[in-house]
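Presented below is the structure to which this report refers.
What follows is the structure, encoded as structure tokens:
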């Protein structure tokens, strides 16, 4: 009986510990390079070249993030840059925000060039947009001290209606041959 209670207690402790590991965000990955790495890994998977970090774009992002930290509402700025927004608790990082956007990949149907299943995918398509080659991100703690606001801006912007974010190799060959 005591062994069973001990076994159940240990199982419950392991379960709760793993739940907290999943729920609580990491305290690392706050550098520009960490965020850039997440973007470029996603781009590489679809054959798109890497982005570079742009301090001018990052300065724009920081300026806007500072404007939002009072309420931390995910309201887009009026900009010519492409833009992704996220917020999280704990010590939510830019890399974690980028990972959330990349996690929308299953909801993008390349052949339909659309989000499917009633799910969001436009954050993902902006991350992998072939013509967006510069990125700058910012992260500020909201005034409530509970949330972090993260913004990434992209230059040039992406997500043009009627254009795919990237070309698959076979689609590109067919397109070029069709133009001959």
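Residue numbers (mature numbering (1 follows the signal peptide of the UniProt record, and there is no 0)): -28 to -1, 1 to 152. All residues carry an ideal CB built from backbone N, CA and C; glycine is no exception. Since the model is a prediction, treat every value here as computed from it, not as a measurement.
- Query: To the nearest angstrom, how far is it from the Cα of residue -4 to the Cα of residue 62?
  - Reply: At residue -4, the pLDDT of 39 sits below 50, so the modelled position is not reliable and the matter cannot be decided from this model.
- Task: Please confirm if the stretch 85 to 103 is in contact with the stretch 29 to 37, defined as three or more CB-CB distances below 8 Å between the two stretches.
- Result: Look at the beta carbons and you see the stretch 85 to 103 not touching the stretch 29 to 37: under three pairs across the two are nearer than 8 Å.
Given this structure, state the Cα-to-Cα distance separating residue 55 from residue 48, to the nearest angstrom.
Rounded to the nearest angstrom, the two C-alpha atoms are 7 Å apart.
For the alpha helix (DSSP H) containing residue 175, name the first residue and the last one.
Only positions -28 to 152 of the chain appear in this structure, which leaves residue 175 out of reach.
Residues near residue 125 in its chain [Cβ-Cβ closer than 6 Å; skip 5 each side]:
Excluding sequence positions up to five before and after residue 125, its CB lies within less than 6 Å of the CB of 29, 32, 33, 53, 55, 108, all in the same chain and listed in chain order.
Which of the three DSSP states, helix, strand or coil, is assigned to residue 35?
Correct three-state label for residue 35: helix.
Just to confirm the assignment: which complete alpha helix (DSSP H) runs, minimum length 4, are found wholly within the stretch 17 to 96?
Within the stretch 17 to 96, the complete alpha helix (DSSP H) runs of at least 4 residues fall at 27 to 40, 66 to 74.
**Message:** On the DSSP letters alone, give me the boundaries of the beta strand (DSSP E) that residue 125 sits inside.
**Reply:** Taken as a continuous stretch (DSSP letters only), the beta strand (DSSP E) holding residue 125 covers 119 to 127.
Here's the rule I'm using: 16 or more other beta-carbon atoms within 10 Å means buried, otherwise exposed. How should residue 58 be labelled? Looking at its Cβ environment, which holds 16 or more other Cβ atoms inside 10 Å, residue 58 is buried.
Check your understanding: Pick from 72, 68, 79: whose alpha carbon is nearest that of residue 4?
Key -> When only C-alpha atoms are compared, the closest one is 68.
*Would you kindly check if the distance between the Cβ of residue 6 and the Cβ of residue 60 is under 8 Å?*
No; because the gap between Cβ atoms is not below 8 Å, this pair is not in contact.
Requested in this report: Output yes or no for whether 8 Å exceeds the beta carbon distance between residue 120 and residue 106.
Outcome: It is not a contact, given that the beta carbons lie outside the stated cut-off.
Thinking just about the alpha-carbon of each residue, which of 70, 84, 87, 104 is nearest to the one in residue 10? That would be 70, whose Cα lies nearest to the Cα of residue 10.
Spatial neighbours of residue 41 within its chain, please: C-beta separation below 8 Å, excluding the five flanking residues on both sides. Result list for residue 41: 112, 113, 114, 115, 121, in chain order.
Specify, as a first and last residue, the run of the beta strand (DSSP E) that residue 109 falls within.
Note, residue 109: beta strand (DSSP E), 106 to 113.
- In three-state DSSP terms, what is residue 6? Three-state DSSP puts residue 6 in a helix.
Classify residue 15 as helix, strand or coil using the three-state DSSP reduction. In the structure shown, residue 15 sits in a helix (DSSP, three-state: H, G or I).
Less than 8 Å between the CB atoms is what I'm expecting for residue 79 and residue 88, so what's the real figure, rounded? The C-beta distance from residue 79 to residue 88 rounds to 6 Å, short enough to fall under 8 Å.
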